[in-house]
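Residue numbers (our numbering), protein chains in the order written: chain A, 1 to 457; chain B, 458 to 914. A virtual CB, placed ideally from N, CA and C, is assigned to each residue, including glycine.
2 protein chains.
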Amino acid sequence: MASIKPSVPKGTRDFSPAEMAKRNFIFDTIKGVFRKYGYQQIETPTMENLSTLTGKYGDEGDKLIFKVLNSGDYLAKADTKQLDERNSNLLTSSISEKALRYDLTVPFARYVVQHQNEITFPFKRFQVQPVWRADKPQKGRYREFYQCDVDVVGSASLLNEAEFVMIYDEALSLLGLKDFTIKINNRKILSGIAQVIDKYDSIIDLTVAIDKLDKIGLDGVIKELLERGFTEADIDKLKPVILLEGSNEEKLQKLREALATSEIGLQGCDELETVFNYLQYTPLKRATLELDITLARGLNYYTGAIFEVKTNEVAMGSIGGGGRYDDLTGMFGLKGLTGAGISFGADRIYDVMEELNLFPASAEQSTQVLIIGFDAAAEAYALPLLQQLRNNNVNAELYPAGAKLKKQMEYANNKQIPYTILIGSDEMQSGLLSFKNMQSGEQEKLSADAILARLGA
Amino acid sequence: MASIKPSVPKGTRDFSPAEMAKRNFIFDTIKGVFRKYGYQQIETPTMENLSTLTGKYGDEGDKLIFKVLNSGDYLAKADTKQLDERNSNLLTSSISEKALRYDLTVPFARYVVQHQNEITFPFKRFQVQPVWRADKPQKGRYREFYQCDVDVVGSASLLNEAEFVMIYDEALSLLGLKDFTIKINNRKILSGIAQVIDKYDSIIDLTVAIDKLDKIGLDGVIKELLERGFTEADIDKLKPVILLEGSNEEKLQKLREALATSEIGLQGCDELETVFNYLQYTPLKRATLELDITLARGLNYYTGAIFEVKTNEVAMGSIGGGGRYDDLTGMFGLKGLTGAGISFGADRIYDVMEELNLFPASAEQSTQVLIIGFDAAAEAYALPLLQQLRNNNVNAELYPAGAKLKKQMEYANNKQIPYTILIGSDEMQSGLLSFKNMQSGEQEKLSADAILARLGA
């Protein structure tokens, strides 16, 4: 065993102290905003019953669920026929009862149904936990990654949608992003568009095509629409909608005209207007809110608002998204509970912040001061000072006696400790300690009290 | 499916908002103390390669590791012979490459070896993550539970041991525990005791017997020692050591006399004395530090100090423990790296705090104020105030329009929101809002500015 270099399973990661500090900075910031808006944290188990998860993510999704082998003599209860036929797929359910969480949405739905009698609705919850998918690992795609979800269930009020816009704006601004766009759309507007061209049943084809406007341009979209069976007449009606320009208010006005004959389309316009009205009281900090009718993510489950967030500072896919769904808990037998939610893509936000150098130095500093001594006498001299620093909530360390100055200085540098206090024989005699700013290199002789004051203690 | 009540796998738990708030209070407090002492957080993946974990926890431990089924057509690569013979035990390694983390120690050892070239030693790390064991669930024993470990590797200094005592003292005091004992022993003293009675090879038998002093008393221990092959003469020599009384200094003095002929025993005494000396500069807040030579936990891997923590306020097993080990990373081929560490038993600490009612009310409050209105006019009136509260970092919510007063008040009570602001038509006309302290029931008419001031904003 000694010769095998230890490793982690592919697609999984260790997080070193420096990475953890940055990740904590992101998660703590986002959680703080969730709490400010009245959301409360829950956690669900890593393992769910396999039956809770299967059938919720489509056939492809089911294959990506990590299954946990039953404990003990699992073959004793295995399906003999499938075993003899070597049918991995059909054998699984007889040797595996549990599986790893694939997302936070299905466990949340299970939680709401299971605990419905203890929950106060509207239930505003957030959840930050890892999920696992047996996807092929590639750059930026992992088999274990954190999701960061915030949802409200049991409230149809569009105030919730407005607050999701505020939450994105506040959290991403606090993280230091300067230019990002929160795109908003409404499923009912997409339905309305399909309705006015009498292609209500082709809504998926329609939205898949116009969703590509950014990538393939108008000509590309038209070509694809023709291929998918839309007529030139349809396209003439669609053009002004696809090419919608101007302020959100102007777009909404044009949409109302284009969707004048569609009740559901107008309802979508009303909903968007209500969200915009809520937001007039709250100037956005750094976000741009953009009505984008080409936004069609999650169309199979979103029933109202649809959100997506993109940074305009670096090339990166979506860093967040969400929407309203009207039947989250139906899969577990609790019908008619409306909900809405958004999520933050923590790994991508991390990459954006790295690229833009947005992590504050303080996020990576854990120890504020290292006391450097060389022998037992210095240790004894240092201990009361160390204690005093910690009593004043200064994160402080004393390097154990016996190491050379160079080694102790390297330790301080590697840990990004901003200050050191050097205690040699001169210092012990005079009571004036060498206090060094590790970044500027500036060094002063100061009393212990003066050092405490410098460190805000 | 609708008829099946959804549930979680046995031995696992959901954590509701109230439980999460309390758990966060515990973890945040402990993590804050770890950081104050210069420890940094890491995280390792939930899944490790099965080969990383097997053989580290004994045969019984290996059986309790949750194995993850390989993805895809796992039977295609399965061992045909074991499959035909239905040998679950031997088949496992050919259909499962990965397993769930069983503790934090082995993954930490794997981490240190894998990242040894990036790590600055002494490496002071903490780790708070769940672990999984296929144990039979029972009261207080779960299949998924959090461990909370803090370790230093690459430093032989006994300053580390002294700081572990301080960390226990500070963290548990901050959590509100008033009377708890940190027991300390040293493996070398146990070796010395075995040596002076010429039973060095029977150290396990010896320590297993004297470890039971608390439970079965001196007569019981003597009986067990006789059964295990110790002589009356041995027992005469052991008695004064087993019945050691007085202050830690007195005990140490008596131990030095009893172990005068054992070099290793005296070394153990020296080490303990050094730890006590370090601690003289740091009066313990609420802990009692007790030298207890009957403490023998983890004897198969601890090589120096041994720790265990017990509360004296309620009947509960150990709420923490640890020690020094000299070969943590040897299992992965990196020899000679000394380390020491302790852990906190978060679930038991939670139970102790519940029983003693130690969670501060603030730990459970997430939203500080709920604004109550009834219609769109009140919503429009409330939104700027809501925004102002949040801008001043007051966690605030506005209940969406349309619900009755009773329902909104219940919502505030269930969420333990300490204050409500009621906005009715009178309030909007006068500008004086009804501000209610939900605990005292006291209600006043105040301007928005006065309310902001009351909430510290």
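Asked: Cβ shell of S157(A) (< 6 Å), same chain only, five flanking positions each side left out; Found: none
Asked: Through-space distance from S7(A) to T511(B), alpha-carbon basis; Found: 14 Å
Asked: Short CB-CB distance (under 8 Å) between L455(A) and chain B; Found: no
Asked: Cβ contact (3+ pairs, closer than 8 Å) linking the stretch 314 to 334 of chain A and the stretch 109 to 127 of chain A; Found: yes
Asked: Interface positions of the stretch 330 to 344 of chain A facing chain B (Cβ-Cβ less than 9 Å), listed along the chain; Found: G330, M331, F332, G333, L334 and K335
Asked: Chain B within 8 Å of Y278(A), Cβ atoms only; Found: yes
Asked: Range covered by the alpha helix (DSSP H) that runs through V128(A); Found: Element bounds for V128(A): not the alpha helix (DSSP H) but the beta strand (DSSP E), F123 to W132.
Asked: Classification of P130(A) by the beta-carbon crowding that lies within 10 angstroms, buried from 16 upward; Found: buried
Asked: For Y735(B) and L709(B), the rounded distance between their alpha carbons; Found: 16 Å
Asked: Beta-carbon proximity check, G323(A) vs F344(A), cutoff 8 Å; Found: no
Asked: Sub-8 Å separation of Q844(B) and T274(A) beta-carbons; Found: no
Asked: Environment of Y758(B) [buried if 16+ CB atoms lie within 10 Å]; Found: exposed
Asked: 8 Å Cβ cutoff, I878(B) in contact with chain A; Found: no
Asked: Neighbour-count burial assignment, A2(A), 16 or more Cβ in a 10 Å radius; Found: With a pLDDT of only 46 at A2(A), under 50, the local geometry of the prediction cannot be trusted, and the value read off the model is given with reservation. So A2(A) ends up on the exposed side.
Asked: Pairwise C-alpha distance: V150(A) and G468(B); Found: 27 Å
Asked: Proximal chain A residues relative to M477(B), where beta-carbon distance stays under 8 Å; Found: Q40, Q41, I42 and E43
Asked: Proximity below 8 Å, CB of M69(A) to CB of V165(A); Found: It should be pointed out that residue 69(A) corresponds to Leu in this sequence rather than to Met. No; because the gap between Cβ atoms is not below 8 Å, this pair is not in contact.
Asked: Local conformation of N814(B) per DSSP, three classes; Found: coil
Asked: Beta-carbon proximity of S247(A) to A21(A), cut-off 8 Å; Found: no
Asked: Exposure label - G529(B); buried when at least 16 CB within 10 Å; Found: exposed
Asked: Chain A residues whose Cβ lies nearer than 7 Å to that of K669(B); Found: Under the 7 Å cutoff, chain A gives no residues; its nearest Cβ is about 31 Å from K669(B).
Asked: CB contact below 8 Å: Q844(B) versus chain A; Found: yes
Asked: Exposure label - P240(A); buried when at least 16 CB within 10 Å; Found: exposed
Asked: Residues of the stretch 539 to 560 of chain B whose Cβ lies closer than 8 Å to any Cβ of chain A, in chain order; Found: L540, R543, N544, S545, N546, L548, T549, I552, S553, E554, K555 and L557
Asked: Chain B contact residues for R286(A), given Cβ-Cβ distances below 7 Å; Found: Chain B residues near R286(A): none, gap ~15 Å exceeds 7 Å.
Asked: Residue closest to N391(A), alpha-carbon to alpha-carbon, out of S473(B), N544(B), D516(B) and D626(B); Found: D626(B)
Asked: Burial state of Q147(A), where buried means 16 or more other Cβ atoms lie within 10 Å; Found: buried
Asked: Continuous alpha helix (DSSP H) stretch holding R781(B): start and end; Found: Here R781(B) belongs to no alpha helix (DSSP H); instead the beta strand (DSSP E) covers G777 to Y782.
Asked: Whole-number beta carbon distance between V352(A) and V314(A), since they are thought to touch under 8 Å; Found: 6 Å
Asked: Whole-number beta carbon distance between G495(B) and K581(B), since they are thought to touch under 8 Å; Found: 5 Å
Asked: 9 Å Cβ cut-off: residues of chain B touching F66(A); Found: M504, V525, L526, S528 and K555
Asked: Between the CA atoms of A834(B) and L358(A) - distance to the nearest angstrom; Found: 41 Å
Asked: Close Cβ partners of F66(A) (< 7 Å) along its chain, the five nearest in sequence each way excluded; Found: A99, L100, W132 and A134
Asked: CB contact below 8 Å: E118(A) versus chain B; Found: yes
Asked: Distance CB(L452(A))-CB(S434(A)) smaller than 8 Å; Found: no
Asked: Close Cβ partners of A853(B) (< 8 Å) along its chain, the five nearest in sequence each way excluded; Found: T824, Q825, V826, L827, I828, L843, L846 and R847
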